[in-house]
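Chemist:
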Amino acid sequence: MPRLLNILTSKPNCGPVWVAFVLLGISVLNSQAKIVLTVPQQVSLSANFFSQQLTISWFGGEATTFDLIILRTEFNETVFYNTVPAVMNQDGGRHQWTWTSVEPLECTSLSVKIRSRDGITKSEWSEPQILKGRDLPSNSVQQVYPQDKVVPVGGNTTFCCIVEEGNEFRDFLYGSIKMNVKRLSRRSYVTTAVNQNLSGPTGTNVLCRLKNKLNGSVIFVGYPPLPTNFECITNDLTSAVCYWDGGRVTNLYAKRKTSYSINKRDCPDGKCVLPEWDGNWTLLAVNPLGQYSLTYSAELLHRVVPVAPVNLSATDDAWNTTVNWHWPYSSYNTLALLCQVQLASHNILLRNFSGVGLQSVFLPHLHPNTKYRVQIQCGSLNHFLKWGNWSKEFNFTTKSYVPEAPDVWMFVNRDNSVRVMWKPLTQWQSHGVLTGYEVTLWSLEENENQTNNLSPKDNSLNLTDWASITADKKAIASVKANNVKGMSQPSSIMLGLIDDKCAPLAQTIYTSSGFPLSWQHSDNSTGGYLVEWCEAVCTSDCAVDWIRLDAGSTHVSIKDSIVKFQPGVRYNFSLYESPSVSPVLIRRWQGYIQELPPSISVNLEINQQDCDVVLSWEEIPLAGRRGFLLGYKVYRVNNFSNFTLLDDLSPEMRTYTVKDLSTSTYKFTVKAYTSAGEDTGGTAAITLKQCADGLILEILTSLGIVTLLLTTVSCFCYKKRRWVKKAFYPDIPEPKLPGDWSRTQGPMDVKPFPHSMVHIIEKPEWDFSKDTLVIIPEEEDYEGEGIGDEPVDTDEPQLLRYYNQVVDERPIRPRFPDSSVSSSSSVDSANTDVTYTGIQTSHSSLVFPSDSQGFSEGFQPHSGLSLSSRNKGEGYHPQMHSVTLGGNLASPEPIVEPHAVGSEGYKPQNSWLLDSPTEGDENSPAPSLGSPTSVASTQFLLPDRERHEEKRQQPSSAANWFTNLLSSAKP
Numbered sequence: 027m028p029r030l031l032n033i034l035t036s037k038p039n040c041g042p043v044w045v046a047f048v049l050l051g052i053s054v055l056n057s058q059a060k061i062v063l064t065v066p067q068q069v070s071l072s073a074n075f076f077s078q079q080l081t082i083s084w085f086g087g088e089a090t091t092f093d094l095i096i097l098r099t100e101f102n103e104t105v106f107y108n109t110v111p112a113v114m115n116q117d118g119g120r121h122q123w124t125w126t127s128v129e130p131l132e133c134t135s136l137s138v139k140i141r142s143r144d145g146i147t148k149s150e151w152s153e154p155q156i157l158k159g160r161d162l163p164s165n166s167v168q169q170v171y172p173q174d175k176v177v178p179v180g181g182n183t184t185f186c187c188i189v190e191e192g193n194e195f196r197d198f199l200y201g202s203i204k205m206n207v208k209r210l211s212r213r214s215y216v217t218t219a220v221n222q223n224l225s226g227p228t229g230t231n232v233l234c235r236l237k238n239k240l241n242g243s244v245i246f247v248g249y250p251p252l253p254t255n256f257e258c259i260t261n262d263l264t265s266a267v268c269y270w271d272g273g274r275v276t277n278l279y280a281k282r283k284t285s286y287s288i289n290k291r292d293c294p295d296g297k298c299v300l301p302e303w304d305g306n307w308t309l310l311a312v313n314p315l316g317q318y319s320l321t322y323s324a325e326l327l328h329r330v331v332p333v334a335p336v337n338l339s340a341t342d343d344a345w346n347t348t349v350n351w352h353w354p355y356s357s358y359n360t361l362a363l364l365c366q367v368q369l370a371s372h373n374i375l376l377r378n379f380s381g382v383g384l385q386s387v388f389l390p391h392l393h394p395n396t397k398y399r400v401q402i403q404c405g406s407l408n409h410f411l412k413w414g415n416w417s418k419e420f421n422f423t424t425k426s427y428v429p430e431a432p433d434v435w436m437f438v439n440r441d442n443s444v445r446v447m448w449k450p451l452t453q454w455q456s457h458g459v460l461t462g463y464e465v466t467l468w469s470l471e472e473n474e475n476q477t478n479n480l481s482p483k484d485n486s487l488n489l490t491d492w493a494s495i496t497a498d499k500k501a502i503a504s505v506k507a508n509n510v511k512g513m514s515q516p517s518s519i520m521l522g523l524i525d526d527k528c529a530p531l532a533q534t535i536y537t538s539s540g541f542p543l544s545w546q547h548s549d550n551s552t553g554g555y556l557v558e559w560c561e562a563v564c565t566s567d568c569a570v571d572w573i574r575l576d577a578g579s580t581h582v583s584i585k586d587s588i589v590k591f592q593p594g595v596r597y598n599f600s601l602y603e604s605p606s607v608s609p610v611l612i613r614r615w616q617g618y619i620q621e622l623p624p625s626i627s628v629n630l631e632i633n634q635q636d637c638d639v640v641l642s643w644e645e646i647p648l649a650g651r652r653g654f655l656l657g658y659k660v661y662r663v664n665n666f667s668n669f670t671l672l673d674d675l676s677p678e679m680r681t682y683t684v685k686d687l688s689t690s691t692y693k694f695t696v697k698a699y700t701s702a703g704e705d706t707g708g709t710a711a712i713t714l715k716q717c718a719d720g721l722i723l724e725i726l727t728s729l730g731i732v733t734l735l736l737t738t739v740s741c742f743c744y745k746k747r748r749w750v751k752k753a754f755y756p757d758i759p760e761p762k763l764p765g766d767w768s769r770t771q772g773p774m775d776v777k778p779f780p781h782s783m784v785h786i787i788e789k790p791e792w793d794f795s796k797d798t799l800v801i802i803p804e805e806e807d808y809e810g811e812g813i814g815d816e817p818v819d820t821d822e823p824q825l826l827r828y829y830n831q832v833v834d835e836r837p838i839r840p841r842f843p844d845s846s847v848s849s850s851s852s853v854d855s856a857n858t859d860v861t862y863t864g865i866q867t868s869h870s871s872l873v874f875p876s877d878s879q880g881f882s883e884g885f886q887p888h889s890g891l892s893l894s895s896r897n898k899g900e901g902y903h904p905q906m907h908s909v910t911l912g913g914n915l916a917s918p919e920p921i922v923e924p925h926a927v928g929s930e931g932y933k934p935q936n937s938w939l940l941d942s943p944t945e946g947d948e949n950s951p952a953p954s955l956g957s958p959t960s961v962a963s964t965q966f967l968l969p970d971r972e973r974h975e976e977k978r979q980q981p982s983s984a985a986n987w988f989t990n991l992l993s994s995a996k997p
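Position in the sequence shown (first residue = 1) + 26 = the working numbering.
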């Protein structure tokens with residue numbers, strides 16, 4: 027080699043040097059290519075079925091990395107394939123590697139092969155090694171794996187089921203949940219439970235169901251241990267007692283629960299006693315899911331917790347006692363201790379005591395004849411860690427003593443008698459068993475005294491039989507209590523009547539803290555105050571209670587005591603000043619713990635007073651009010667039991683008047699009410715009689731209304747009299763006749779009517795010179811009245827008689843041109859006469875035109891209007907229809923009047939008109955003089971207008987006045 031280097035350096039040409047390097051590299055590569063890796067030999071498999079780990083070992087020569095492949099033998103499926111480093115065991119020269127399977131190793135057979143690797147160079151595969159599973163044909167039973175496995179919360183677990191030969195797989199159940207399944211081999215099936223929750227105390231069942239068979243496993247899901255609060259103390263200053271808390275619940279029990287040890291010394295749960303104080307301790311907690319450790323260090327005197335004292339005892343005394351005890355360890359004699367004594371009787375009292383080796387305490391301020399319970403606990407005074415345990419309870423009773431002076435008060439009864447009262451002594455106040463009370467009464471006026479011995483059960487004494495006590499005559503009462511130890515100091519009070527009318531009275535409302543009472547402080551008050559209360563309705567032997575207050579007090583709340591407060595009961599509260607010297611009443615209150623509606627209804631009385639109803643009632647007794655009365659409500663009750671509120675009266679009212687009622691039956695109800703509501707009410711009914719005042723008032727009211735109405739109408743009519751007169755009494759125009767109607771007075775010339783009115787049947791010879799008009803009086807004139815003196819121009823009806831046939835040639839002027847012509851004359855056949863009665867027509871006013879002859883000549887009646895002789899003797903037959911008079915009455919057309927020949931009785935004319943004169947020409951027929959009547963009677967054959975006229979001419983005086991009033995109106 028040195029030679030080669032010399033050669034290289036001797037030639038300046040570098041080409042051969044590079045050639046040498048290339049040749050050297052090629053030789054190195056050839057040498058490596060000739061290296062052959064050893065195939066792993068003697069491969070062995072070791073399985074840990076509990077942890078599901080497979081350990082593989084082999085001889086692999088100099089190689090440090092190997093390719094490892096794991097297959098499921100039956101289906102030849104790859105489970106794991108990777109290049110892994112393997113460390114050679116220096117003792118045996120074998121390589122080893124461990125694989126953890128997700129699935130239990132019992133599920134199916136696994137095949138393992140290994141080959142060595144050096145970079146990209148690798149050896150051949152080793153011969154496969156097989157880990158046989160439980161699914162071999164030789165093992166034909168059904169199996170489920172893993173069995174009774176413990177897993178942490180939130181983990182995943184894979185289960186496999188090996189099906190029995192010849193059976194059929196159905197499903198996998200985790201608890202009650204059906205799982206998804208994967209097949210590993212012909213008989214093996216697997217499922218995986220993910221994120222598992224806590225199982226029950228007995229685990230969770232995993233079931234593999236076949237077609238006709240069932241098998242399974244149990245899985246336990248929990249937590250690894252996690253203890254806390256690890257500490258150690260000493261009770262005897264020698265040993266160590268260690269405590270800890272288990273922490274969270276692992277949910278693992280029985281053989282899977284957590285085990286503990288301190289300094290490799292097994293300990294039960296929570297506490298471990300070590301005989302020696304080491305100063306350093308290590309706690310180790312282990313369970314199937316893991317382990318956890320804690321350490322603690324401390325000095326001995328800093329961790330002392332004394333044990334409970336034993337053998338307690340006490341010395342008897344009335345007002346104090348001494349309690350003694352013992353310690354179980356002599357080491358406490360030099361230890362500074364702090365002890366707490368709990369003393370209990372009616373309440374619990376704690377007192378602390380300290381000392382070195384403390385074994386007794388003195389308890390003052392006790393009560394005589396009282397039973398006490400005592401317990402003691404101690405701790406280290408200098409380095410207090412915590413209190414030790416309480417000792418057993420010890421009981422003792424103090425000795426008796428003379429009683430305390432009783433609290434004395436007086437109460438004035440309703441009959442003004444005085445009752446001396448005192449509060450019963452409590453057990454603490456009596457200081458022993460009471461034997462009785464001694465009451466001494468001393469009269470200041472008479473300077474005498476009297477002593478009364480009462481039993482222990484008595485707490486009052488009535489003074490009705492001893493002396494009369496008034497506001498001016500007073501006495502002193504003194505009360506003493508006796509027990510086996512002697513007599514108490516006397517308690518005295520000044521007796522006398524107290525005027526309660528001057529003290530103001532107020533209401534108090536109950537609250538959760540009682541009845542609140544407040545007042546203003548008086549500077550003159552130096553003896554304190556006393557508040558007394560009792561039931562307001564009590565009359566004798568009342569339950570009375572009182573409380574004494576300091577001089578500066580201004581308020582107090584009263585709660586239940588001897589007087590038990592009840593709903594609906596009124597209570598009186600009285601405030602006294604200087605109660606021990608000379609009590610003075612300065613304030614009073616009344617109140618209810620709860621108001622209720624009144625329990626007693628009013629006793630309602632009802633009376634009639636004229637047209638009014640007076641309701642009256644008496645005051646409700648205090649016991650029946652059950653609250654502060656706010657007033658009375660008066661109701662009216664109708665037929666349907668509906669209440670109508672009439673008024674709400676104040677509590678002071680006792681009467682109520684319902685005014686202006688009509689005659690009827692009424693029912694009223696009066697209800698008293700408090701803040702809690704109304705009572706049932708008192709009801710009364712009354713039937714009202716007719717009242718004189720009401721009748722007179724109705725009459726006067728009616729007269730007033732009528733007078734007012736008439737006055738109003740009269741005023742209206744007077745102001746509107748022109749309109750009223752025009753509307754109801756129009757002016758009747760006077761007749762206006764054409765031509766000259768003035769003639770000299772003379773006899774009226776009445777002649778027969780024209781032929782158009784009466785048809786002449788027979789016309790005997792008549793001497794016209796003998797025509798005479800005879801006035802026949804009415805039938806009334808025959809009854810004694812003369813006719814010779816009557817004037818010619820009279821309003822009385824006149825009778826005109828015609829003898830035989832007299833025909834007047836003058837025409838008769840019709841009343842209306844278009845109206846039917848009425849018959850103004852009748853024809854007398856044989857001896858029949860026709861009369862005409864004038865209707866208030868003066869004879870001088872009947873004027874006929876002078877040219878009557880021409881008219882008679884021109885008028886020719888139709889032969890059809892003649893009356894046959896068959897009508898003779900049948901009386902007068904008027905026309906039965908209207909005849910229209912045209913402008914020419916001598917019309918050739920006949921006017922036919924059909925009528926029944928054989929008819930009897932009067933037949934009125936249909937076209938009868940009132941006979942008032944009308945205007946017409948000279949050729950018109952003359953107006954009718956009147957209505958035809960019978961010869962035998964003066965009455966009208968037509969309706970009697972005169973009789974109706976008489977009825978209308980009988981108006982009342984008021985009507986005449988009203989007519990005169992209207993007629994006085996100016997036109």
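Ideal Cβ placement from N, Cα and C applies to all residues, glycine included.
1. Roughly how many whole angstroms lie between the Cα atoms of V176 and G192?
2. Once DSSP output is grouped into helix, strand and coil, what is the label at I588?
3. Only counting the same chain, and skipping five residues up and downstream in sequence, which positions put a Cβ closer than 8 Å to that of L326?
4. Return the chain-ordered list of same chain residues with a C-beta closer than 7 Å to the C-beta of D674, the five sequence neighbours on each side being excluded.
5. Please list the terminal residues of the continuous beta strand (DSSP E) segment that includes Q546.
6. Got a sec? Which residues, its chain only, sit under 6 Å from T230 by beta carbon, not counting five neighbours each side?
7. Is it true that the CB of A324 sits closer than 8 Å to the CB of C268?
8. Rank V589, E603 and P542 by C-alpha distance to the C-alpha of D576 and give the top, closest one.
9. Taking contact to mean 3 or more Cβ pairs, one atom from each stretch, closer than 8 Å, check whether the stretch 420 to 437 and the stretch 389 to 406 are in contact.
10. Within the same chain, show all residues whose beta-carbon is closer than 8 Å to that of N461, passing over the 5 residues directly before and after it, in chain order.
11. Can you list, in chain order, the residues of its chain whose CB lies under 7 Å from that of F379, leaving out five sequence neighbours each side?
12. Between the stretch 539 to 553 and the stretch 517 to 526, are three or more C-beta pairs nearer than 8 Å?
13. Per DSSP, what kind of secondary structure is L799 in: helix, strand or coil?
14. Tell me whether the stretch 130 to 141 and the stretch 79 to 87 touch, counting them as touching only if at least three CB pairs, one residue from each stretch, are closer than 8 Å.
15. Which partner residues does S352 have in the DSSP bridge list?
16. Should the stretch 316 to 323 be called in touch with the stretch 389 to 398, which here means at least 3 C-beta pairs below 8 Å?
17. Do the stretch 437 to 451 and the stretch 401 to 416 touch if we need at least three Cβ pairs shorter than 8 Å?
18. Quick one: what's got a C-beta closer than 6 Å to S135's C-beta in the same chain, skipping five residues either side?
19. Relative to the C-alpha of V465, which residue among G708, E472, N485 and R213 is closest?
20. What is the DSSP secondary structure of K397, reduced to helix, strand or coil?
21. Whole-angstrom Cβ separation of D161 and S211, contact assumed at under 8 Å?
22. Let me make sure I understand the geometry here. Which of R748, K527 and K697 has the alpha-carbon closest to that of P623?
23. Please list, in chain order, all residues of the same chain as W435 whose beta carbon is under 6 Å from its beta carbon, the five residues on each side excluded.
24. Determine the DSSP secondary structure at G414, reduced to helix, strand or coil.
25. Entirely within the stretch 618 to 655 and at least 3 residues each: give me those beta strand (DSSP E) ranges in chain order.
26. Could you give the DSSP three-state label for T580: helix, strand or coil?
27. Taking just the CA atoms, how far does K500 sit from S469?
28. For P178, which beta-bridge partners are listed by DSSP?
29. Run the CB neighbour count on T217, radius 10 Å, all protein chains shown included, and call it buried at 16 or more, exposed below.
30. For K290, list the residues DSSP reports as bridge partners.
31. Is the stretch 630 to 641 touching the stretch 680 to 687 in the sense that three or more CB pairs, one from each, lie closer than 8 Å?
32. Kindly indicate which three-state DSSP category K751 falls into: helix, strand or coil?
Modeler: Reading off the structure:
1. 32 Å
2. coil
3. T260, L263, W303 and G305
4. G657 and K659
5. No beta strand (DSSP E) holds Q546; DSSP gives it neither H nor E.
6. G201 and I245
7. no
8. E603
9. yes
10. Checking the displayed sequence, the identity of residue 461 turns out to be Thr instead of Asn. Here the set comprises P482, N508, N509 and V510.
11. C365, V367 and V387
12. no
13. Summary for L799: the model assigns pLDDT 47, below 50, so the residue's position carries little reliability; its value from the coordinates is reported in the next sentence. Three-state result, L799: coil.
14. yes
15. Rather than Ser, the amino acid found at residue 352 in this sequence is His. Per DSSP, V336.
16. no
17. no
18. T99, I156, K158 and G159
19. N485
20. strand
21. 5 Å
22. K697
23. M447 and W572
24. coil
25. 631 to 635 and 638 to 642
26. coil
27. 7 Å
28. G248
29. buried
30. Note: K290 sits in no beta bridge, so no partner.
31. yes
32. helix
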